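So the structure is just underneath, and the comments pick up after that.
In UniProt numbering, the protein residues as written are 1 to 173.
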């Protein structure tokens with residue numbers, strides 16, 4: 001099998017179940033000195049400063065194995081993943097509010113989102129040189145993108161109202 005065919009097959013499998021790829025890429029146990037470096041090299045995070053803050057809280061020390069392991073066992077939740085992702089793109093597109101999708105790359109967009117983006121149903125921004133956790137890799141850029149989106153779309157008390165989140169103030173009598 002050609003290398004490109006293998007990659008295409010992996011991507012189709014990922015699009016059907018995005019968490020599967022992430023779960024399989026996680027080590028089962030980690031040598032204490034390398035836990036942060038592993039996360040940065042593995043691609044889930046690219047910002048070593050953010051990794052130093054967020055990674056330690058995802059781990060616990062296993063005295064019997066003399067190493068750190070992940071607190072959550074993603075493989076035990078795999079049975080629920082399909083239900084979580086089924087129809088998610090359609091629900092996202094049908095939401096009657098302005099939408100922003102920040103991505104590290106477009107290679108994992110499913111057909112529904114690709115068509116929706118071409119139709120202008122949401123704003124998509126690809127944030128280069130980031131991993132899965134864009135908000136941790138480039139926190140200032142992430143915040144600026146979100147604030148600009150909110151400002152441009154006039155989201156808030158005097159702009160576009162998000163259904164169920166805002167109630168007009170009652171006049172005082």
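All residues carry an ideal CB built from backbone N, CA and C; glycine is no exception. Note that this is a predicted model, so its numbers are computed, not measured.
Give me whichever residues DSSP pairs with residue 100 in a beta bridge.
Mapped onto the chain shown, residue 100 falls at position 100. Beta-bridge pairing links residue 100 to 123.
Spatially closest choice to residue 93 from 53, 41, 110, 58, by CA coordinates
Taking the chain shown and counting its residues from 1, the one referred to as residue 93 is at position 93. In terms of Cα proximity to residue 93, the closest of 53, 41, 110, 58 is 110.
For residue 101, which residues from the same chain have a beta carbon less than 6 Å from its beta carbon, with the 5 sequence-adjacent residues on both sides left out?
If you number the chain shown from 1, residue 101 lands on position 101. Once the five neighbours on either side are set aside, the close Cβ partners of residue 101 are 122, 124.
Does the count of Cβ pairs from the region 78-93 and the region 62-70 closer than 8 Å reach three?
The region 78-93 vs the region 62-70: no contact.
Looking at residue 47 and residue 136, is the spacing between their C-beta atoms short of 8 Å?
Within the chain shown, the letter at position 136 stands for residue 136. Within the chain shown, the letter at position 47 stands for residue 47. Yes.
Report the residue from 128, 76, 37, 99 whose alpha carbon sits nearest the alpha carbon of residue 154.
Within the chain shown, residue 154 is the residue found at index 154, counting from 1. The shortest Cα separation from residue 154 among 128, 76, 37, 99 belongs to 99.
Beta-carbon proximity check, residue 127 vs residue 143, cutoff 8 Å:
Here residue 127 corresponds to residue number 127 of the chain shown, with the count starting at 1. Here residue 143 corresponds to residue number 143 of the chain shown, with the count starting at 1. The answer is no: Cβ separation not under 8 Å.
Where do the ends of the alpha helix (DSSP H) carrying residue 116 lie?
Here residue 116 refers to the residue found at position 116 of the chain shown. Here the alpha helix (DSSP H) through residue 116 covers 111-118.
Consult DSSP for residue 155 and reduce its assignment to one of helix, strand or coil.
Residue numbering aside, residue 155 sits at position 155 when the chain shown is read from its first letter. In the structure shown, residue 155 sits in a strand (DSSP, three-state: E or B).
Nearest-angstrom Cα separation, counted from residue 82 out to residue 134
For the purposes of this step, residue 134 is taken as the residue at position 134 of the chain shown. For the purposes of this step, residue 82 is taken as the residue at position 82 of the chain shown. Between the alpha carbons of residue 134 and residue 82 lies a gap of roughly 24 Å.
Endpoints, the alpha helix (DSSP H) within which residue 134 is located:
As a working note, residue 134 is residue 134 in the chain shown. Counting along the chain, the unbroken alpha helix (DSSP H) around residue 134 starts and ends at 134-137.
Counting along the chain, where does the alpha helix (DSSP H) carrying residue 86 start and finish?
Here the question's residue 86 lines up with position 86 in the chain shown. No alpha helix (DSSP H) holds residue 86; DSSP gives it neither H nor E.
State the Cα-Cα distance for the pair residue 138 and residue 85, rounded to the nearest angstrom.
Residue numbering aside, residue 138 sits at position 138 when the chain shown is read from its first letter. Residue numbering aside, residue 85 sits at position 85 when the chain shown is read from its first letter. Each residue's Cα considered, the two are about 26 Å apart.
In this structure, does DSSP put residue 21 in helix, strand or coil?
Position 21 of the chain shown, counted from the first residue, corresponds to residue 21. Low confidence applies here, because residue 21 scores a pLDDT of 49, under 50, leaving its location unreliable; read the following figure in that light. Of the three classes helix, strand and coil, the one that applies to residue 21 here is helix, per DSSP.
Terminal residues of the continuous alpha helix (DSSP H) containing residue 48?
In the chain shown, residue 48 corresponds to position 48, counting from 1. Start and end: 48-54.
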